[in-house]
Amino acid sequence: MFQKSLFLKKNEHLCQQKKMKDMENTSIINGRRIASDRIAELGENEIFVFGSNIHGAHGGGAARYAHQKFGAEWGVGEGLTGRTYALPTMEGDASLKQAVEHFIACAKAHPEFTFLVTAVGCGIAGYTPDEVAPLFREAASLENVYLPLVFWEVL
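Okay, so the sequence shown: first residue is 264 according to this note's numbering, each after it adds one.
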């Protein structure tokens with residue numbers, strides 16, 4: 264009996280820790296769904312959205328992290344892969360705009376997932392939040408999409 268009680272308490276504690284980890288990845292402030300800029304672990308049904316190149320060569324930045332930590336497949340440059348969504352950012356403005364449209368369609372088609380968007384395009388690709396954030400205006404209204412604070416500051 265004592266062991267069972269101890270097991271239940273330990274299990275309850277682990278569940279609370281997991282809930283806290285899930286909460287650390289997101290916050291809601293003034294109606295803005297904000298993705299953390301430091302995502303170490305993913306909660307259940309969370310998807311790490313990162314900037315990639317169309318060839319899926321995940322060699323640096325968030326792409327490398329996505330590959331090493333969350334299963335982004337080498338060679339997949341756009342779409343769902345592992346527990347991630349690869350969004351190509353290196354091929355120019357028109358391509359980036361189209362890639363964000365594809366992402367928004369995916370997020371609408373998969374309400375069971377929570378998409379945690381990093382500051383895609385604002386690292387190695389060389390864009391600024393002022394250039395990229397407006398592309399996510401429609402995504403900002405989706406309940407299952409969390410954007411980085413730097414995007415919300417522009418929107």
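For glycine and all other residues, C-beta sits at the position ideal for the given N, C-alpha and C.
Work out the CA separation of R301 and V312 for me, nearest whole Å. Reading the sequence shown from its first residue, position 49 is the one you call residue 312. Reading the sequence shown from its first residue, position 38 is the one you call residue 301. Looking at the two C-alpha atoms, the distance is approximately 13 Å.
Exposed or buried, what is S404 when buried is set at 16 or more other beta-carbons lying within 10 Å of its beta-carbon? Start at 1 with the first residue of the sequence shown, and residue 404 comes out as number 141. Exposed is the call here.
At least three beta-carbon pairs within less than 8 Å, the stretch 323-331 to the stretch 405-415: no
Could you say which of V417, N407 and A335 lies nearest to T289 if we only look at CA atoms? Here residue 289 refers to the residue found at position 26 of the sequence shown. Its Cα nearest to that of T289, the residue N407 stands out among V417, N407 and A335.
Please identify the residue among G386, A388 and A382 whose C-alpha is closest to the C-alpha of P397. Position 134 of the sequence shown, counted from the first residue, corresponds to residue 397. Per the Cα distances, A382.
What are the boundary residues of the beta strand (DSSP E) that I292 is part of? On the sequence shown, residue 292 is found 29 positions in, with the first residue counted as 1. T289 to I292 is the extent of the beta strand (DSSP E) around I292.
Given that a residue counts as buried once 16 or more other Cβ atoms are within 10 Å of its Cβ, and exposed if not, what is P374? As a first step, residue 374 must be located in the sequence shown, where it is residue number 111. P374 comes out exposed.
Identify which residue in L305, G342 and T347 has its Cα closest to the Cα of G334. Here residue 334 refers to the residue found at position 71 when the sequence shown is read from its first residue. The candidate whose alpha carbon is nearest that of G334 is T347.
Please state whether DSSP places S268 in a helix, a strand or coil. Indexing the sequence shown from 1 puts residue 268 at position 5. Because S268 carries a pLDDT of 46, less than 50, the predicted location of this residue cannot be relied on, and no value is offered for it.
Looking at C-alpha atoms only, which residue of H318, A303 and G314 is the closest neighbour of L350? The sequence position of residue 350 within the sequence shown is 87, counting from 1. Comparing Cα-Cα distances from L350 to each of H318, A303 and G314, the minimum goes to G314.
How many Å lie between E341 and A357 at the Cα? Residue numbering aside, residue 341 sits at position 78 when the sequence shown is read from its first letter. Residue numbering aside, residue 357 sits at position 94 when the sequence shown is read from its first letter. E341 and A357: Cα-Cα distance of roughly 15 Å.
Using the rule of at least 16 other Cβ atoms within 10 Å of the residue's Cβ for burial, across every protein chain shown, is T377 buried or exposed? For the purposes of this step, residue 377 is taken as the residue at position 114 of the sequence shown. The residue is buried, with at least 16 neighbouring Cβ atoms inside 10 Å.
Taking the straight line between their C-alpha atoms, what separation do you get for G386 and L359? Within the sequence shown, residue 386 is the residue found at index 123, counting from 1. Within the sequence shown, residue 359 is the residue found at index 96, counting from 1. Cα-Cα distance, rounded: 14 Å.
Proximity below 8 Å, CB of M353 to CB of A303: Sequence index remark: in the sequence shown, residue 353 carries index 90 (1-based). Sequence index remark: in the sequence shown, residue 303 carries index 40 (1-based). In this structure, the beta-carbon distance from M353 to A303 does not fall below 8 Å.
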